[in-house]
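Here is the structure we will look at.
Number of protein chains: 2
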Amino acid sequence: MTTERARVVIIGAGFGGLFAARRLAHSNVDVVLIDRNNYHTFTPLLYQVATAALDPSEIAYPVRTIFRDTPNVRFLLGQVTAIDQDARVLTVQTGERTMHESYDYLIVATGSMPNYFGHDRFADYAFELRTLHDSIRLRNHVLNLFERAIWEEDEAVRKALLTIVVVGGGPTGIETAGAVYELYNHVLLKEYPHGPLHTSVVLVEQLPHLLTPYPPKLQTSALRQLQSLGVEVLLGRALVALEPGAVKLDDGSELNTYTVVWAAGMKATAIGALLGVDLARGGRIPIEATTVVRGLERIYAVGDVAYLEDAAGQPYPMLIPVAQQQGQLAANNILAALAGESEQAFSYYDRGTMATIGRRRAVAWIFNRFALSGRLAWLAWLGLHLVMLLGFRNRLNVLINWAWNYLTYDRSVRIIWSQEALPGKSSHQQ
Amino acid sequence: MTTERARVVIIGAGFGGLFAARRLAHSNVDVVLIDRNNYHTFTPLLYQVATAALDPSEIAYPVRTIFRDTPNVRFLLGQVTAIDQDARVLTVQTGERTMHESYDYLIVATGSMPNYFGHDRFADYAFELRTLHDSIRLRNHVLNLFERAIWEEDEAVRKALLTIVVVGGGPTGIETAGAVYELYNHVLLKEYPHGPLHTSVVLVEQLPHLLTPYPPKLQTSALRQLQSLGVEVLLGRALVALEPGAVKLDDGSELNTYTVVWAAGMKATAIGALLGVDLARGGRIPIEATTVVRGLERIYAVGDVAYLEDAAGQPYPMLIPVAQQQGQLAANNILAALAGESEQAFSYYDRGTMATIGRRRAVAWIFNRFALSGRLAWLAWLGLHLVMLLGFRNRLNVLINWAWNYLTYDRSVRIIWSQEALPGKSSHQQ
Numbered sequence: 381m382t383t384e385r386a387r388v389v390i391i392g393a394g395f396g397g398l399f400a401a402r403r404l405a406h407s408n409v410d411v412v413l414i415d416r417n418n419y420h421t422f423t424p425l426l427y428q429v430a431t432a433a434l435d436p437s438e439i440a441y442p443v444r445t446i447f448r449d450t451p452n453v454r455f456l457l458g459q460v461t462a463i464d465q466d467a468r469v470l471t472v473q474t475g476e477r478t479m480h481e482s483y484d485y486l487i488v489a490t491g492s493m494p495n496y497f498g499h500d501r502f503a504d505y506a507f508e509l510r511t512l513h514d515s516i517r518l519r520n521h522v523l524n525l526f527e528r529a530i531w532e533e534d535e536a537v538r539k540a541l542l543t544i545v546v547v548g549g550g551p552t553g554i555e556t557a558g559a560v561y562e563l564y565n566h567v568l569l570k571e572y573p574h575g576p577l578h579t580s581v582v583l584v585e586q587l588p589h590l591l592t593p594y595p596p597k598l599q600t601s602a603l604r605q606l607q608s609l610g611v612e613v614l615l616g617r618a619l620v621a622l623e624p625g626a627v628k629l630d631d632g633s634e635l636n637t638y639t640v641v642w643a644a645g646m647k648a649t650a651i652g653a654l655l656g657v658d659l660a661r662g663g664r665i666p667i668e669a670t671t672v673v674r675g676l677e678r679i680y681a682v683g684d685v686a687y688l689e690d691a692a693g694q695p696y697p698m699l700i701p702v703a704q705q706q707g708q709l710a711a712n713n714i715l716a717a718l719a720g721e722s723e724q725a726f727s728y729y730d731r732g733t734m735a736t737i738g739r740r741r742a743v744a745w746i747f748n749r750f751a752l753s754g755r756l757a758w759l760a761w762l763g764l765h766l767v768m769l770l771g772f773r774n775r776l777n778v779l780i781n782w783a784w785n786y787l788t789y790d791r792s793v794r795i796i797w798s799q800e801a802l803p804g805k806s807s808h809q810q
Numbered sequence: 381m382t383t384e385r386a387r388v389v390i391i392g393a394g395f396g397g398l399f400a401a402r403r404l405a406h407s408n409v410d411v412v413l414i415d416r417n418n419y420h421t422f423t424p425l426l427y428q429v430a431t432a433a434l435d436p437s438e439i440a441y442p443v444r445t446i447f448r449d450t451p452n453v454r455f456l457l458g459q460v461t462a463i464d465q466d467a468r469v470l471t472v473q474t475g476e477r478t479m480h481e482s483y484d485y486l487i488v489a490t491g492s493m494p495n496y497f498g499h500d501r502f503a504d505y506a507f508e509l510r511t512l513h514d515s516i517r518l519r520n521h522v523l524n525l526f527e528r529a530i531w532e533e534d535e536a537v538r539k540a541l542l543t544i545v546v547v548g549g550g551p552t553g554i555e556t557a558g559a560v561y562e563l564y565n566h567v568l569l570k571e572y573p574h575g576p577l578h579t580s581v582v583l584v585e586q587l588p589h590l591l592t593p594y595p596p597k598l599q600t601s602a603l604r605q606l607q608s609l610g611v612e613v614l615l616g617r618a619l620v621a622l623e624p625g626a627v628k629l630d631d632g633s634e635l636n637t638y639t640v641v642w643a644a645g646m647k648a649t650a651i652g653a654l655l656g657v658d659l660a661r662g663g664r665i666p667i668e669a670t671t672v673v674r675g676l677e678r679i680y681a682v683g684d685v686a687y688l689e690d691a692a693g694q695p696y697p698m699l700i701p702v703a704q705q706q707g708q709l710a711a712n713n714i715l716a717a718l719a720g721e722s723e724q725a726f727s728y729y730d731r732g733t734m735a736t737i738g739r740r741r742a743v744a745w746i747f748n749r750f751a752l753s754g755r756l757a758w759l760a761w762l763g764l765h766l767v768m769l770l771g772f773r774n775r776l777n778v779l780i781n782w783a784w785n786y787l788t789y790d791r792s793v794r795i796i797w798s799q800e801a802l803p804g805k806s807s808h809q810q
């Protein structure tokens, strides 16, 4: 009964893929949505899972639940390992099983992964905050170091155990540094009364200022807010070496630490290599304004994995609203192509950006015109993220948790998930 | 300032160890509580985490939070690897670090682990429900099999993917079978509309009846309730072989399945071997009525790991109330010994037992005199477990989740935690 309908395959259930699939829901096409996880991750709050403020399940939502009432969208748990453009067939690995899925149209929305800018060895020891798995791994690590520190008699070792270095002064770096500082100083110290424990959070940024795309006024405000919280900010410095116990900076100084969080930049996931096109900066897939991959037919790419320049020649940033809007556009353009209508070009509706710094501190750059900082910006951040979170129950639980944390300065989900070391890094493809 | 106080070390933060530590809180001794996890696990609800009804953190509570306002109780994350009874010193492994902790009195409360009764190879493939880790592993496994089954075209393979065999007709087996059946048939089928998916839950019990210690009337009621739910119950049968894809029973029949949950019995954790005493049945440590280990001084054992017979010559069962009451008694007797007073003998206050079978079915044997079954027993079960759960927040969250599940037949925490296989079995010592 559905054999004559066009088949659209979407790779990736992040914000880009999800918005594409939602646009195609209940339309006259068959959709297969492929992801290596069975859930969508609300990535802006990963750092709150890492700092034990939220439970993993509070920022993850099963894909099947999202599309439960959408019979034309099917979910496939797996990883795409090959794309045959002539036959229009994908090879998908699901556990030990290899499957083949045909497509009439393909949307690639596999997102991004940390970029070490040539220092790939850093990945062996650095912690990342890209996946739910990353955030659980960092949480376990920090809590385990606290358990070691409380019984450690060598003061220098104890200090290193309790020092966290965050690399990167963008929103993720700032939010992580702020949240870790609060975890350290307001919460954990309360439960480790046999100290003395001296904790320290250091934020390292290569540029002479934080939050590059923000106006100078907000950059300065973010710096001041971080410092007033207690975070040590090192501007104009870069890491040149990283191993367990110590990092070296480019001015020759050294920081003793067992915890380095890498938030210095992102690059596209590796799927571009399967397409046989020349990739742009950061391994991103060059697309036309319609989001179709440059030089290809029937294959679209959206979000972080895609490269498109705006009218001023600047690439669109790796931000959730870009991914959402491109995902919707790709879906619209596929429907237009099927209807024999002309495809539309991408036009970004930019509502601005914001970053939170601990509880009740933040900066917001609304519509790229209005600068907010401090508590008002924090409330705007809080409201926006609550509205964005998917699903009633998740929203309610997150609200309860946040309210609880706010009232009590408590973290009730401070569980070290497994004594066994979690398996290495999560793989990044998709 | 505290060097002259007696030092009591408790190994294990389960129900026995926790109740001992609570009894010693604010008393005139220093307490060190050792566990390999930083949380106490509310084990009666592990099967609900395994069936994605509850989040892991809802049944786990950080030990430090429990003893936050108890300065004389310190927590040590680690595993005891040796006990030097002459020097009264424990060797504790914490990550890569080896520590030595002295004690004046020791309470061993490391609990139990699954018993394969000679079929140790079964452990390679069977799933267990003893730790939080076990329950997350089983949950991931079942959800992954569903994702495979929905795309599987071979009907026989699909049927095997959707068959779960629970071994053991005690409370854990019954509760797991009931909960898995509901996960299968009410919840997941709703989200896998492209079936047809035929699921099947089989409960295998070696004895000719379920729930051995219950009166026959309740045993029959439990059987009837399971069958009315849709669980296939095989009484008087035992597993003779177990490998991925199939189990063999002692009547020569075979069941094709990739999921076997072992709930057939427990034995003591391995710590008994460190004490140099002859162990009783199931590797349990023989104790005197005071809970002191038979033949030793200053070392007490409580709960599942300890072996004590009642007046009728029957060993006390491996049940939470026994562990709680013995833990309190050991603490009391240590305080009595320190005060030069005489130690008391164990006297079990038995409130009875109960087991739930899915939603709104249960059996309860209250004070071992009053038999309840059906919805009334279920309400009693629900109330008791809510009251037992530690900590206000956990209780509130569990209540919200349960109410949500009850109203919607929904499971909102259906997340597969990590695509990477979780590391093998959790180790059982402690």
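Protein chains in written order, with the working numbering: chain Y, 381 to 810; chain R, 381 to 810. Even glycine gets a Cβ: it sits at the ideal position worked out from N, Cα and C. All values derive from a computational prediction rather than experimental measurement.
Asked                                                                                                                        : Found
is_contact[Y:R387, chain R] using C-beta, thresh 8 Å                                                                         : no
Stretch pair the region 532–541 of chain R + the region 455–462 of chain R: three plus CB contacts closer than 8 Å           : no
Cβ-based contacts, 8 Å cut-off: residues of the region 554–571 of chain R near chain Y                                       : K570 and E571
Three-state secondary structure assigned by DSSP to Y:N520                                                                   : helix
Rounded C-alpha distance that separates R:L603 from R:L563                                                                   : 19 Å
Pairwise C-alpha distance: Y:A686 and Y:I391                                                                                 : 13 Å
Interface flag, Y:D435 vs chain R, CB-CB below 8 Å                                                                           : yes
Buried or exposed (CB count within 10 angstroms, at least 16 for buried), Y:S482                                             : exposed
Member of Y:Y696, Y:D514, Y:A691 and Y:G652 whose CA lies at the smallest distance from the CA of Y:P436                     : Y:D514
Delimiting residues of the alpha helix (DSSP H) encompassing Y:P494                                                          : Not the alpha helix (DSSP H): Y:P494 falls in the beta strand (DSSP E), residues S492 to P494.
Cβ-based neighbour list, R:I746, same chain, cut-off 8 Å, excluding 5 preceding and 5 following                              : R731, G732, M734, L752 and A760
Chain Y residues whose Cβ lies nearer than 7 Å to that of R:P573                                                             : P451
Under 8 Å from the C-beta of R:G498: neighbouring residues of chain Y                                                        : Neighbours of R:G498 on chain Y: none; closest Cβ ~27 Å, over 8 Å.
Proximity test, R:T471 beta-carbon vs the ligand ATP heavy atom, cut-off 7 Å                                                 : For the ligand ATP, the structure offers nothing, since it holds no ligand at all.
Buried versus exposed, by CB contacts within 10 Å (16 or more), R:E677                                                       : exposed
Beta-carbon proximity check, R:E668 vs R:R674, cutoff 8 Å                                                                    : yes
Per DSSP, cross-strand counterpart(s) of Y:V388                                                                              : Y:V411 and Y:Y485
Proximity to R:S407 [Cα-Cα], best of R:L635, R:V388, R:I530 and R:S601                                                       : R:V388
Chain Y contact residues for R:R528, given Cβ-Cβ distances below 9 Å                                                         : L457, T474, G475 and R477
Beta-carbon proximity list for R:F526, same chain, < 6 Å, skipping 5 on both sides                                           : L568
Neighbourhood of R:A618 by C-beta, 6 Å cutoff - its chain only, sequence neighbours within 5 removed                         : Q586 and D630
DSSP beta-bridge partners of R:L615                                                                                          : R:E585
The beta strand (DSSP E) enclosing R:G625, as first and last residue numbers                                                 : G625 to L629
DSSP three-state assignment for R:P573, whether helix, strand or coil                                                        : coil
Chain-ordered residues of the region 624–641 of chain R with a beta carbon less than 7 Å from chain Y                        : none
Residue ranges of each alpha helix (DSSP H) within the region 405–480 of chain R, 4 or longer                                : 426–430 and 443–446
Test item: CB-CB of Y:G683 and Y:G707 under 8 Å                                                                              : yes
Local Cβ density within 10 Å of Y:F447, reported as buried at 16 or more and exposed below that                              : buried
Whole-angstrom C-beta distance between Y:R403 and Y:A711, which should lie under 8 Å                                         : 4 Å
Chain Y within 8 Å of R:R444, Cβ atoms only                                                                                  : yes
Beta-carbon neighbours of R:L766, restricted to chain Y and to distances below 8 Å                                           : What R:L766 touches in chain Y: nothing, since even the nearest Cβ is about 17 Å away.
Chain-order list of residues whose beta-carbon lies under 6 Å from that of Y:R740 (same chain, five-residue window excluded) : R755 and W758
Any 3 or more C-beta pairs closer than 8 Å across the region 598–612 of chain R and the region 549–561 of chain R            : yes
Contacting residues, own chain, Cβ-Cβ under 6 Å from R:F395 (five flanking each side not counted)                            : I700, A703 and Q704
In DSSP terms, what Y:A742 is bridged to                                                                                     : Y:T736
Y:L614 beta carbon less than 8 Å from that of Y:L583                                                                         : yes
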